[in-house]
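Note that the protein sequences, when read in sequence, are chains U and C. No gaps in the numbering here: position 183 of the first sequence is 183 in the UniProt record's numbering, and each next residue is one more. No gaps in the numbering here: position 61 of the second sequence is 61 in the UniProt record's numbering, and each next residue is one more. For every residue, glycine included, the Cβ atom is placed at its ideal position computed from N, Cα and C.
2 protein chains.
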Amino acid sequence: MAMGTVTAPWKQLLLNALESNANLKHSSFFQLATIGSNGRPSNRTVVFRGFQENSDKIQINTDCRSRKIEELKHCPFAEICWYFTDSWEQFRINGRIDVIDGSNSDPMKLEQREKAWFASSLKSRLQYLGPLPDLPCLSEQPSQEFSLDPSTGPVDAFCLLVLDPDQVDYLNLKSSERLTFTSRQSVNEEKCWTSKRINP
Amino acid sequence: MAMGTVTAPWKQLLLNALESNANLKHSSFFQLATIGSNGRPSNRTVVFRGFQENSDKIQINTDCRSRKIEELKHCPFAEICWYFTDSWEQFRINGRIDVIDGSNSDPMKLEQREKAWFASSLKSRLQYLGPLPDLPCLSEQPSQEFSLDPSTGPVDAFCLLVLDPDQVDYLNLKSSERLTFTSRQSVNEEKCWTSKRINP
Chain U
1 MAMGTVTAPW KQLLLNALES NANLKHSSFF QLATIGSNGR PSNRTVVFRG FQENSDKIQI
61 NTDCRSRKIE ELKHCPFAEI CWYFTDSWEQ FRINGRIDVI DGSNSDPMKL EQREKAWFAS
121 SLKSRLQYLG PLPDLPCLSE QPSQEFSLDP STGPVDAFCL LVLDPDQVDY LNLKSSERLT
181 FTSRQSVNEE KCWTSKRINP
Chain C
1 MAMGTVTAPW KQLLLNALES NANLKHSSFF QLATIGSNGR PSNRTVVFRG FQENSDKIQI
61 NTDCRSRKIE ELKHCPFAEI CWYFTDSWEQ FRINGRIDVI DGSNSDPMKL EQREKAWFAS
121 SLKSRLQYLG PLPDLPCLSE QPSQEFSLDP STGPVDAFCL LVLDPDQVDY LNLKSSERLT
181 FTSRQSVNEE KCWTSKRINP
């Protein structure tokens with residue numbers, strides 16, 4: 001029943017789910033759980049920004065000043081829970097998150113961050129120019145308007161998160177099908193996935 | 001801007017969100033994050049089973065044999081992330097979970113568990129008679145059919161989780177309003193909530 005494969009076998013299931021729920025704006029939203037600085041679980045909705053090119057790594061854009069950045073420095077592990085409301089499918093994706101901000105020393109990663117910046121809408125980019133998140137709002141007036149040249153590269157507050165999955169649990173509530181996918185590093189450093197059908 | 005109150009001020013916001021999203025079946029689903037036995041975050045979709053009578057405590061039904069029970073014994077803290085897809089509101093609810101199974105020594109809690117059992121549909125109850133969850137599915141044939149007398153009380157596998165919130169973060173993506181609610185124990189043992197408007 002178990003079989004080994006180098007390409008992530010759950011990725012096609014996820015792409016299918018995205019396609020069959022594409023009519024819903026919120027189908028690209030999922031919940032990302034991390035461990036808070038106080039040792040308690042922390043959980044919030046974030047937006048799927050696609051897979052990193054030719055891989056099964058999941059991209060998320062965030063603000064360097066948000067609490068999750070601090071949390072991920074303490075514990076880099078996270079679990080995505082992604083429920084598709086139309087097809088009744090759930091993906092639980094566990095892995096380690098790489099936090100890529102402007103101070104990263106790897107030119108490849110800085111390039112990925114820049115790509116993610118330009119791939120997001122101008123409106124999304126403007127959010128990174130706003131006031132510090134998670135801080136008390138002191139004024140009653142609406143927040144100041146910012147403008148940004150479309151050719152301007154990523155601002156300091158822009159941070160790319162890359163989740164490298166090593167365990168995926170798939171549940172289909174319509175068919176009652178449940179599958180777990182587990183990865184291990186193979187000899188040639190490539191990730192190798194095995195899958196197992198389990199009781200829902 | 002901060003004010004103290006004994007009744008949870010976020011509860012009405014949540015009841016309003018439930019009402020304005022009531023047309024969607026999935027509006028009663030939320031994601032529950034816990035800490036796994038391996039120290040990593042764990043996250044899954046569960047169903048809201050209402051507030052405990054005259055309180056702000058949140059009820060969830062689950063199977064005693066599910067992995068989250070073991071996890072909650074290691075670390076009883078959890079965070080709910082509840083996103084309402086129609087009204088674009090998010091509630092992050094952090095608190096401690098009380099695990100109530102049939103072996104509980106408190107008669108009041110056993111009564112709550114029994115109430116929760118009878119409040120759930122017969123179809124839901126039948127799930128607790130099925131095979132062990134989280135275990136490999138060995139047979140290819142569809143799972144055996146079970147029958148249950150509607151007057152039968154909670155079976156061994158039925159477990160009531162009661163989350164006692166102490167921190168709630170509310171975000172409205174339409175109005176860009178964000179509020180945090182924090183509780184502390186007052187002199188007379190009652191929970192006292194303070195709220196604060198923060199930058200979204």
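Taking Cβ positions only, does residue i come closer than 8 Å to chain U?
i          : result
Cys-64(C)  : no
Phe-181(C) : no
Gln-31(C)  : yes
Ser-42(C)  : yes
Glu-70(C)  : no
Asn-199(C) : yes
Tyr-170(C) : no
Ile-58(C)  : no
Pro-131(C) : yes
Thr-85(C)  : yes
Cys-159(C) : no
Thr-7(C)   : no
His-26(C)  : yes
Compare the beta carbon distance of residue i and residue j with 8 Å and say whether it is the shorter of the two.
i          : j          : result
Cys-159(U) : Ile-69(U)  : yes
Asn-172(U) : Trp-88(U)  : yes
Ile-60(U)  : Pro-165(U) : no
Ile-93(C)  : Arg-113(C) : no
Ala-17(U)  : Phe-77(U)  : no
Ala-157(U) : Asp-63(U)  : yes
Leu-15(U)  : Gly-95(U)  : no
Pro-150(U) : Leu-110(U) : no
Asp-86(C)  : Leu-24(C)  : yes
8 Å is my cut-off, CB to CB: does residue i come that close to chain C?
i          : result
Thr-152(U) : no
Ile-97(U)  : no
Arg-92(U)  : yes
Thr-194(U) : no
Ala-17(U)  : no
Phe-77(U)  : yes
Ile-35(U)  : yes
Ile-100(U) : no
Leaving out the 5 sequence neighbours to the left and right, which residues in its chain are closer than 6 Å to residue i when beta-carbon positions are compared?
i              : result
Ser-195(C)     : Pro-9, Leu-179 and Phe-181
Val-155(U)     : Tyr-128
Thr-7(C)       : none
Val-46(U)      : Leu-32 and Ile-60
Gly-102(U)     : Asp-156
residue 202(U) : This structure cannot speak to residue 202(U), because chain U is shown only from 1 to 200.
If you drop the 5 nearest sequence neighbours on each side, which residues of the same chain put their C-beta closer than 8 Å to that of residue i?
i         : result
Ser-42(C) : Ala-33, Thr-34, Ile-35, Gly-36, Arg-67, Lys-68 and Glu-71
Arg-44(U) : Gln-31, Leu-32 and Lys-68
How many Å lie between residue i and residue j at the Cα?
i          : j          : result
Gln-90(U)  : Ala-22(C)  : 21 Å
Lys-115(C) : Lys-11(C)  : 22 Å
Gly-50(U)  : Ile-80(U)  : 14 Å
Lys-73(U)  : Arg-125(C) : 42 Å
Lys-174(C) : Cys-192(U) : 43 Å
Gln-167(C) : Pro-131(C) : 36 Å
Glu-189(U) : Ser-183(U) : 12 Å
Ser-105(C) : His-26(C)  : 34 Å
Met-108(U) : Phe-118(U) : 16 Å
Gln-13(C)  : Asn-199(C) : The sequence shown places Leu at residue 13(C), rather than the Gln named in the question. Taking the straight line joining both Cα atoms gives about 18 Å.
Ala-185(U) : Gln-52(C)  : Here residue 185(U) is Gln; the residue named in the question, Ala, does not match the sequence. If you take the alpha carbons of Gln-185(U) and Gln-52(C), they lie about 47 Å apart.
Val-187(C) : Asp-56(C)  : 19 Å
Glu-19(U)  : Cys-75(U)  : 33 Å
Gly-153(C) : Phe-146(C) : 15 Å
Ser-120(C) : Phe-29(C)  : 15 Å
Ser-176(U) : Leu-148(C) : 20 Å
Ala-54(C)  : Asp-169(C) : Sequence check: residue 54(C) is Asn here, not Ala. For Asn-54(C) and Asp-169(C), the distance between alpha carbons rounds to 21 Å.
Arg-65(U)  : Phe-48(U)  : 19 Å
Arg-40(U)  : Arg-40(C)  : 11 Å
DSSP beta-bridge partners for residue i?
i          : result
Gln-90(U)  : Tyr-83(U) and Leu-171(U)
Gly-95(U)  : Ala-78(U) and Pro-165(U)
Asp-63(U)  : Phe-158(U)
Ala-33(C)  : Asn-43(C) and Glu-79(C)
Glu-177(U) : Asn-172(U)
Phe-146(U) : Looking at the DSSP assignment, Phe-146(U) forms no beta bridge with any residue, so it has no partner.
Phe-118(U) : According to DSSP, which records beta bridges pairwise, Phe-118(U) is partnered with nothing at all.
Ile-69(C)  : In DSSP, Ile-69(C) forms no bridge with anything.
Closer than 7 Å to a non-hydrogen atom of the ligand NAD - does that hold for the CB of residue i?
i          : result
Lys-115(U) : No copy of the ligand NAD appears in this structure; indeed no ligand is present at all.
Could you tell me which chain B residues have their CB closer than 8 Å to the CB of residue i, listed as they occur along the chain?
i          : result
Tyr-128(U) : Reference to chain B is not applicable here, since the protein chains of this structure are U and C.
Please list, in chain order, all residues of the same chain as residue i whose beta carbon is under 7 Å from its beta carbon, the five residues on each side excluded.
i        : result
Ala-2(U) : In this predicted model, Ala-2(U) has a pLDDT of only 46, less than 50, meaning its place in the structure is not dependable enough to derive any value.
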